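Every number in our numbering is 141 more than the matching position in the sequence shown, counting from 1. Heads up, the beta-carbon is just placed ideally off N, CA and C, and yes, glycines get one too. Here the structure is a predicted model, which means the values were calculated and not measured.
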Amino acid sequence: MPLRRSARWSVFFCEASTNAHLILNSPRWIGVAEISVSILVLPDAVVDGHVLEKTSMIPQLHFYSWTWCIGCWLFLGGSQGLAEDPPAVDFENHVAPIIIRNCLECHQSKNPSGGLAVDTASAILAGGESGSAVTRNSATESLLFQRVSSGEMPPPYHGESRVLAAGDVEILRQWIDAGAIFPVDRRLDIYERTNDVRGGRDWWSFQPLRRLDPPWSAAVPAGSNPIDAFIQVALQEHGLTPAPPAARAQLFRRLSWTTIGLPASEAQIAKGNANPVATSISVLVNNLLDSPHFGERWARHWLDVVRFAETSGYERDQTKPFAWKYRDWVVNAFNSDMPYDEFIREQLAGDQMPLRSESTVIATGFLRLGTWNDEPNDAEDYKYERLEDLVHATSSAFLGMTTKCARCHDHKFDPIPQEDYYRIAAAFWPGPISPGPSDLLGGPHADVLGYREVLGWTDVTTTPSPLYVLKNGERHHPMQAVTAGVLSCVPGKQTELDASLPVKDVHVTGGRLQLADWIASPRNPLTARVIVNRLWQHHFGEGLVRSSNNFGFTGDRPTHPELLDWLATELIDNNWSLKHIHRLILTSATWQQSSLHPQHDAYVQKDSANRFLWRANRRRMEAEAVRDGFLAASGELDLRIGGPGFFPTISAEALEGLSRKAAAWTASPESEQHRRSLYIFTQRSLLPPMMTAFDLCDTTLPCGQRDVTIVAPQALTLLNNEFIHNRAASLAGRITKNEPEAVTGQIAAVWRAVLNREPSQVEMQMAAEHVQQQTDRFQQSDSENPQRTLSSHELALASLCVVLFNSNEFIYID
């Protein structure tokens, strides 16, 4: 049956026209006419935005008498309007957000629960197994309203109620009673908005960068470090004040460790104490940032992120003979302050860059740092395992996203559909390698032998091989083909990359280079945020976003979002210079404050984790810094930079688990073992036990932040490890040679070498007593150790060195 609907509109007339217009809210309206409209509608029509489909409408207009209001308008001075109706419920602004946040998790067209989808107009009217979800113009008769008003829907999540707020229920009632307007061309997307269980495209990290002016105040006036201005705002909001500046000696030690990973030398400390003006903190910062050891320190942080190792892992754990060249490339990149956008491009596509060189090709070692199984059960399946490793390493390192979770299905928590995973993977997809016949004599066998002499491979065409979305991530269930692309949740019109375009003078397609350009774009909101957060993390102990590899829904939100965006834009505006951000952080009063606060007990009640930085965080050194500290204190540290790694001595007990002990690990000469820990050969199946005791990271996965534990094996290692006792003996021997007479002078020298300061009077007395007691003990046992090379006094002094190596003051940075 046809449906007749009637409506009455007020049609306003413009002062300068005799034609009626359906335009409202103009200040120049001077008249109004009432029009009664009858519309004859066949079934499945669209009326006023209501979805009925297959429209056939016959309008019938009946004009009633005109009512001119000029006199009223003049009388009211034109300043009074007609009485306004209550604001109507708007679908896009009011209704759609409620449905997206609360209903689409289960009721979208793709696999709808109960057969009910509510993401399109036709679907919501069609309903599901229980019938239509909406009865237009009657909320009380609509199943959707009945379920949400009773609290039955949405269902609890992990035992927590998700009952809609009363205001949301009222919006749905008004919307249904007004006809349930739902635009016919609108499809609601679960990724549009964040809800209680997943992030949407409105999640904070996907929003464009916003640069706000620093919030200067009386406490932090204009001209100060902008970082302090942002921190001060948060402190005031939470009733906190910053700690006083740290002592100069503490700053020296803290600054040296955080920038180059080594203690300040006795000569540097003496010079700083003698001339504080010439050795101001800003001067020291510049000197340390220019040090060649700066790149070594910060390369170690980056190598954690990219799962660096020099073997392939798995049972055979084969050596990657030239992986060390990538490590040296990272050191040089940080030392030269390579712009970070260039740093990204060279690692992802250095071989495809127009100005490629040996250095840019070495940078692509990033792509081969992961584990490698040379005997997979299924070689074809393993190609997809390799792709997952590349997607995960790339997205976590540069974007702070867990994209690999979308390999088998849409991401459960972030707005990353399965197609996005395969778009990123397609940039790395080589396709099948099928070399054609050669001119070698001897047939196919000769061809196989000839592959060993191949100097390089090239694409036959400029069209990349297709990659298919795999159902449940299984190779035998391909679905639609995809081309190289990017994450659709990041703002921008670009979601696909034209990887078929050949790179100039390079005989390969350019999918990786285009992906690198998209990641390194200033318009990508993730890239700059992620890297400045990593720098902040290693200077303060944790980032403004604590989950440095996860900026998604399951990660942490930033404590200072305005500061994070300011630092990100500052990086971009300064040619992506990482040293510029380092300098800003290190010269801030926030970084230079003491770890002790006069109101500590009261402030712990307000901010126990020190998230708002009312004091400096006390931090334990990483495994590499601890080992390097032993060598630096003993005076044995070899500061040579670069080159192949060395093999430290490992106890026989640790080698017992290896099938071929001699072939698996042969210690380097003692002189080689005094190099920095960065240059230890990193074998996945055998990491040095002394290092693992101090939370050496897992080399099979990207590591954004190492665990920091306090466990008994650490103390036992420091007390009993042979390497540490050898360093103590070397230090004692050097000191007794330089200070042959005075025991107090020797003790003071030990304090300066290990703790970078003079001992207090109490410490001097206790240390002297300890040395004397240990000397007596060793003298009594001389006859039992005729081959001992150190004197009883040197052994006693070495035992004092071991004590200081075990102290919190040595292991922790204050």
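Proximity winner among the options, relative to residue i (alpha-carbon distances)
{"i": "VAL944", "options": "GLN920, GLN915 and ILE954", "result": "GLN915"}
{"i": "ARG277", "options": "ARG314, ARG242 and LYS251", "result": "ARG314"}
{"i": "ASP431", "options": "LEU685, VAL472 and ARG457", "result": "VAL472"}
{"i": "PHE788", "options": "ALA773, GLU811, SER775 and LEU778", "result": "GLU811"}
{"i": "ASN476", "options": "GLY783, LEU329, TYR953 and TRP806", "result": "GLY783"}
{"i": "THR885", "options": "ILE565, LYS878, GLU293 and PRO900", "result": "PRO900"}
{"i": "TRP357", "options": "PHE371, SER346 and VAL849", "result": "PHE371"}
{"i": "SER606", "options": "PHE393, ASP445, ARG564 and ARG768", "result": "ARG564"}
{"i": "GLU813", "options": "ALA834, MET832 and ASP779", "result": "ASP779"}
{"i": "ASP519", "options": "GLU615, HIS442, SER290 and PRO462", "result": "GLU615"}
{"i": "THR535", "options": "GLY845, ALA937, ASN897 and ASN514", "result": "GLY845"}
{"i": "ALA464", "options": "CYS549, MET479, ARG457 and LEU444", "result": "LEU444"}
{"i": "ARG389", "options": "GLN409, ARG918, ILE401 and VAL374", "result": "GLN409"}
{"i": "GLY693", "options": "SER537, GLN459, THR460 and ALA375", "result": "SER537"}
{"i": "THR695", "options": "ASP260, ALA264, SER346 and GLU863", "result": "SER346"}
{"i": "ILE317", "options": "GLN348, SER735, ALA274 and ARG339", "result": "ALA274"}
{"i": "MET479", "options": "ILE851, ASN514 and THR501", "result": "THR501"}
{"i": "GLY320", "options": "ILE368, ILE265, VAL374 and PRO362", "result": "ILE265"}
{"i": "TRP570", "options": "GLU794, LYS524 and GLN746", "result": "LYS524"}
{"i": "HIS866", "options": "LEU772, ARG457 and ARG760", "result": "LEU772"}
Whole-angstrom distance between residue j and residue i, CA atom to CA atom
{"i": "GLN377", "j": "ARG752", "result": "13 Å"}
{"i": "TYR744", "j": "PRO383", "result": "10 Å"}
{"i": "GLU333", "j": "GLU246", "result": "12 Å"}
{"i": "PRO843", "j": "ARG448", "result": "5 Å"}
{"i": "ASP955", "j": "LEU667", "result": "32 Å"}
{"i": "HIS434", "j": "ILE821", "result": "16 Å"}
{"i": "GLN1008", "j": "ILE888", "result": "An answer regarding residue 1008 cannot be provided, because it is not within the stretch 142 to 955 covered by the chain."}
{"i": "GLU407", "j": "ALA774", "result": "10 Å"}
{"i": "ALA894", "j": "ASP551", "result": "56 Å"}
{"i": "ILE713", "j": "LEU719", "result": "10 Å"}
{"i": "ILE672", "j": "CYS244", "result": "36 Å"}
{"i": "ASP482", "j": "ARG664", "result": "12 Å"}
{"i": "LEU425", "j": "HIS721", "result": "15 Å"}
{"i": "GLU765", "j": "HIS815", "result": "12 Å"}
{"i": "PHE951", "j": "GLN902", "result": "19 Å"}
{"i": "ALA307", "j": "GLN493", "result": "57 Å"}
{"i": "HIS738", "j": "ASN949", "result": "19 Å"}
{"i": "GLU521", "j": "ASP561", "result": "22 Å"}
{"i": "PRO881", "j": "PHE946", "result": "22 Å"}
{"i": "ASN366", "j": "PRO355", "result": "9 Å"}
{"i": "ALA795", "j": "PRO830", "result": "7 Å"}
{"i": "ASN897", "j": "ILE876", "result": "15 Å"}
{"i": "PRO253", "j": "GLU233", "result": "22 Å"}
{"i": "ARG781", "j": "LYS466", "result": "15 Å"}
{"i": "PRO462", "j": "GLY341", "result": "44 Å"}
Sub-8 Å separation of residue i and residue j beta-carbons
{"i": "ALA474", "j": "GLY491", "result": "no"}
{"i": "GLU489", "j": "ALA657", "result": "The identity of residue 489 in the sequence shown is Leu, whereas the question assumes Glu. The answer is yes: Cβ separation under 8 Å."}
{"i": "ILE422", "j": "THR731", "result": "no"}
{"i": "GLY541", "j": "ASN691", "result": "yes"}
{"i": "ARG825", "j": "GLY454", "result": "yes"}
{"i": "ALA567", "j": "ALA625", "result": "yes"}
{"i": "GLU437", "j": "ARG817", "result": "yes"}
{"i": "LEU285", "j": "GLY272", "result": "no"}
{"i": "ALA405", "j": "PHE393", "result": "yes"}
{"i": "LYS553", "j": "GLU529", "result": "no"}
{"i": "GLY874", "j": "LEU931", "result": "yes"}
{"i": "ARG303", "j": "ASP337", "result": "yes"}
{"i": "ALA808", "j": "THR823", "result": "no"}
{"i": "ASP697", "j": "GLY402", "result": "no"}
{"i": "THR512", "j": "THR858", "result": "no"}
{"i": "ALA936", "j": "ALA908", "result": "It should be pointed out that residue 936 corresponds to Leu in this sequence rather than to Ala. In this structure, ALA908 does not lie closer than 8 Å to LEU936 by Cβ."}
Distance between beta carbons of residue j and residue i, contact taken as under 8 Å
{"i": "ALA450", "j": "LEU510", "result": "7 Å"}
{"i": "ARG468", "j": "ALA440", "result": "7 Å"}
{"i": "VAL610", "j": "VAL631", "result": "With a Cβ gap of about 20 Å, VAL610 and VAL631 do not count as contacting."}
{"i": "ALA939", "j": "ALA869", "result": "4 Å"}
{"i": "HIS248", "j": "ALA262", "result": "No, HIS248 and ALA262 are not in contact; Cβ-Cβ is about 14 Å, not under 8 Å."}
Cβ-heavy atom distance, residue i to the ligand SAM, below 7 Å
{"i": "ILE422", "result": "Summarising the ligand content, the structure contains no ligands, and the ligand SAM is consequently not present."}
Tell me whether the region 701-708 and the region 669-677 touch, counting them as touching only if at least three CB pairs, one residue from each stretch, are closer than 8 Å. yes
With a threshold of 8 Å, are at least 3 pairs of Cβ atoms found where one atom belongs to the region 320-330 and the other to the region 290-304? no
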